[in-house]
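Trainee: This note's numbering applies: residue 194 is where the sequence shown begins, and numbers increase by one.
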Amino acid sequence: MTNNKTPFRIAIAGLGTVGAGVVKVLQDNHDVIKNRCGRDIEIISVTASNKTKDRGVDISNYEWVDNLSSMAEDNRVDAVVEMIGGSEGDAKTLVEVALKNGKHVVTANKALLAHHGFVLSQLAESYGVSIAYEASVAGGIPVIKALREGLAANEITNIYGILNGTCNYILTEMRETERNFDAVLKDAQEMGYAEADPSFDVDGVDAAHKLVLLGALAFGVQPDFESLEIEGISNLTMKDINYAEELGYRIKLIGMAQCDDGVFTQVVSPCFVSKKNAISQVEGVFNAIMVEGDFVDKVMIQGRGAGAGPTASSVVADIIDLARGERVSTFGVPTEKLKAIEWRGVETLNAKCYIHLHVKDVSGVIADITACLKDKDVSIDSFIQRGHEEDGTASVAIVTHKASLVKVNNAVRVVEELATVLNKPTLVRIEDI
Ligand SMILES: NC(=O)c1ccc[n+]([C@@H]2O[C@H](COP(=O)([O-])OP(=O)(O)OC[C@H]3O[C@@H](n4cnc5c(N)ncnc54)[C@H](OP(=O)(O)O)[C@@H]3O)[C@@H](O)[C@H]2O)c1
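This is how it looks when you write it as structure tokens:
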């Protein structure tokens, strides 16, 4: 640890949920943080869009800067804390200017790093500064530090988890209250668990941004958002939730990056997870990440993935590290060592699958479906059929044996064409984790 009497000086851009939370943590825990750093952390300047807005914290002692570039160029500042958000625009420009001016950057901005992390880490390296981003993945859970430091001795083979609290809250509420997706989403928006425009969360994009960063850290590869396969949760119905329960599973939106014999796969999608797996028991707004390493075996961490307090806790931890003089490469290894790899499509994985069909309740319908599956080399493990006498239709849930997802997808495409099949079949991977 440095024993530096000079304060570590920061500038904070963005005073919303997280930025104001950072100010509060630094103020409320000033003494304990100072003791742990061996020096003071001093907020030099702050900014946001609206100077007059009440932030719920006292910012009267800090300089207000209207121009983001001048904040990033300020010679007094050691680190710029970017709490604006967004992959492009002002947040990106601020980070670039800060790095080019020899300032460390602390950010919670997963979108920015998922899209530009490699180039920004090259920039940081060439100016001899660091990008710290603990808060950008799973809010208050110190998973970046765990991967980059605590598990650094291991070859990581698999990393997966629940990376979006909004989706986990919706899936938990659907199951517990037996209400459909739209009703639960509306509640989540009213309670502040979901944004007015929830698409980033429910379409899986937010989880994907985080997964890209975890994959890069876990495998020492360049973050590659474009190659990621993403599916959200908005097509799931109460029927799927209930069938999962009946079959011994819970549905979770899982982000998974794995390396199998040098072949890399990364995907965000709803999965059936066995109720025996600890991840399936992580409910509500909580996040959890499981890491599998060759020597450590399995490590799981869970906690709050969002909110002012948990996210600011991670941001301030990064500031403390920098104030102590700790420097680590953005993705755990120097950028020249980060491999550019080809990610394999999820279709080439082998997995058990759940298929839900809404069919005409007529004789021969099940025989036709099983024939389609057999024809594509997909065998059935279990089967539930529920008739609806009033409208002459039935609901069918099928669990396949482990098969190539290419084959299962092909089979489902043929099944969908049957005149007796009334819905677009729901297909969910059963993740054997
Ligand atoms: N919220 C969470 O729980 C959470 C968790 C993990 C990571 N993150 C990440 O943390 C970052 C901040 O999120 P947040 O929830 O705190 O967002 P937020 O509440 O919307 O706050 C954004 C802040 O940025 C300011 N701002 C916007 N455009 C600006 C500009 N051009 N120049 C200067 N300031 C500008 C806003 O000013 P005004 O206040 O004046 O409008 C506001 O203070 C994002 O990258 C987000 O993904 C958030």
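Just so you know, even glycine gets a beta-carbon here, dropped at the ideal spot from N, CA and C. These figures come from a predicted structure and were not determined experimentally.
Taking 6 Å as the limit between beta carbons, can you name the residues of its chain near F638, skipping five residues before and five after?
Mentor: Only positions 194 to 626 of the chain appear in the structure, and residue 638 is not among them; the question remains open.
Trainee: Let me make sure I understand the geometry here. Which of Q459, F576 and L611 has the alpha-carbon closest to that of I534?
Mentor: Q459
Trainee: Please look up how many angstroms separate the CB atoms of A265 and N294, rounded, as I've assumed it's under 8 Å.
Mentor: Confirmed, Cβ separation roughly 6 Å.
Trainee: Would you identify the three-state DSSP class for T195, choosing helix, strand or coil?
Mentor: Here the model assigns T195 a pLDDT of 49, short of 50, so the residue's position is not dependable, and the following value carries that caveat. DSSP places T195 in coil when its eight states are reduced to three.
Trainee: Tell me the rounded alpha-carbon separation between L531 and A612.
Mentor: 51 Å
Trainee: Give every residue of the same chain whose Cβ lies closer than 6 Å to the Cβ of N373, excluding the five residues on either side of it in the sequence, and list them in chain order.
Mentor: M431
Trainee: Ends of the beta strand (DSSP E) at Q495?
Mentor: D490 to R497
Trainee: In whole angstroms, what separates the C-alpha of V211 from that of R497?
Mentor: 14 Å
Trainee: What separation, rounded to the nearest whole angstrom, lies between the Cα atoms of A213 and V239?
Mentor: Rounded to the nearest whole angstrom, the C-alpha separation of A213 and V239 is 10 Å.
Trainee: Return yes when the C-beta of N243 is under 7 Å from any heavy atom of ligand 1, and no when it is not.
Mentor: yes
Trainee: Only counting the same chain, and skipping five residues up and downstream in sequence, which positions put a Cβ closer than 6 Å to that of S473?
Mentor: Sequence-distant partners of S473 (beyond 5 residues in either direction) whose C-beta falls short of 6 Å from its own C-beta, in its chain, are R443 and V466.
Trainee: Taking only three categories from DSSP, how would you classify R517?
Mentor: coil
Trainee: Which residues share a DSSP beta bridge with H551?
Mentor: S588
Trainee: So, V484 versus N361, is the Cβ gap smaller than 8 Å?
Mentor: no
Trainee: Distance, Cα to Cα, N268 vs D251?
Mentor: 24 Å
Trainee: Buried or exposed: R622, going by 16 or more other Cβ atoms within 10 Å of its Cβ?
Mentor: buried
Trainee: Let me make sure I understand the geometry here. Which of S280, V492, K198 and A241 has the alpha-carbon closest to that of L340?
Mentor: When the alpha-carbon of L340 is set against those of S280, V492, K198 and A241, the nearest one is in V492.
Trainee: Can you tell me whether DSSP reads M449 as helix, strand or coil?
Mentor: Here M449 carries a strand assignment [DSSP, helix/strand/coil].
Trainee: Alpha carbon to alpha carbon, what distance is there between E439 and A604?
Mentor: 24 Å
Trainee: Give me the Cα-Cα distance between N428 and D233, rounded to the nearest whole angstrom.
Mentor: 50 Å
Trainee: Measure the CB-CB distance between S631 and H549 and report whether it falls below 8 Å.
Mentor: Shown here, the chain extends from 194 to 626; a query on residue 631 therefore has no answer.
Trainee: Between the alpha carbons of T586 and E275, how many angstroms are there, rounded?
Mentor: The alpha-carbon atoms of T586 and E275 are separated by roughly 55 Å.
Trainee: Just to check, is the beta-carbon of M276 closer than 7 Å to a non-hydrogen atom of ligand 1?
Mentor: yes
Trainee: So, with DSSP's three-state summary, where would you put R248?
Mentor: coil
Trainee: Among residues of its own chain, excluding the 5 on either side of Q382, which ones have a beta-carbon nearer than 8 Å to its beta-carbon?
Mentor: Its chain contains E388, A389 and P391 as the residues whose beta carbon lies nearer than 8 Å to that of Q382, once the 5 sequence neighbours on both sides are disregarded; these appear in chain order.
Trainee: Can the beta-carbon of I324 be found closer than 8 Å to that of V298?
Mentor: yes
Trainee: Relative to the alpha-carbon of I423, which residue among Y436, L404, L410 and N435 has its alpha-carbon at the smallest distance?
Mentor: L404
Trainee: Exposed or buried, which one is R606 when buried takes at least 16 other CB atoms within 10 Å?
Mentor: Answer is exposed; the Cβ neighbour count stays below 16.
Trainee: Identify the continuous beta strand (DSSP E) that holds N480 and give its terminal residues.
Mentor: F479 to G486
Trainee: So which of I447, G310, A307 and V521 has the shortest CA-CA distance to I626?
Mentor: Closest option to I626, Cα to Cα, is I447.
Trainee: List the endpoints of the continuous alpha helix (DSSP H) containing R229.
Mentor: H223 to C230
Trainee: Quick one: is the Cβ of S329 within less than 7 Å of any heavy atom of ligand 1?
Mentor: yes
Trainee: Quick check: what's the CA-CA separation for I352 versus A401?
Mentor: One C-alpha to the other measures close to 13 Å.
Trainee: Quick check on this structure: which residue in G525, I562 and V312 has the alpha carbon closest to the alpha carbon of D417?
Mentor: V312
Trainee: Beta carbon of D259, beta carbon of K296: below 8 Å?
Mentor: no
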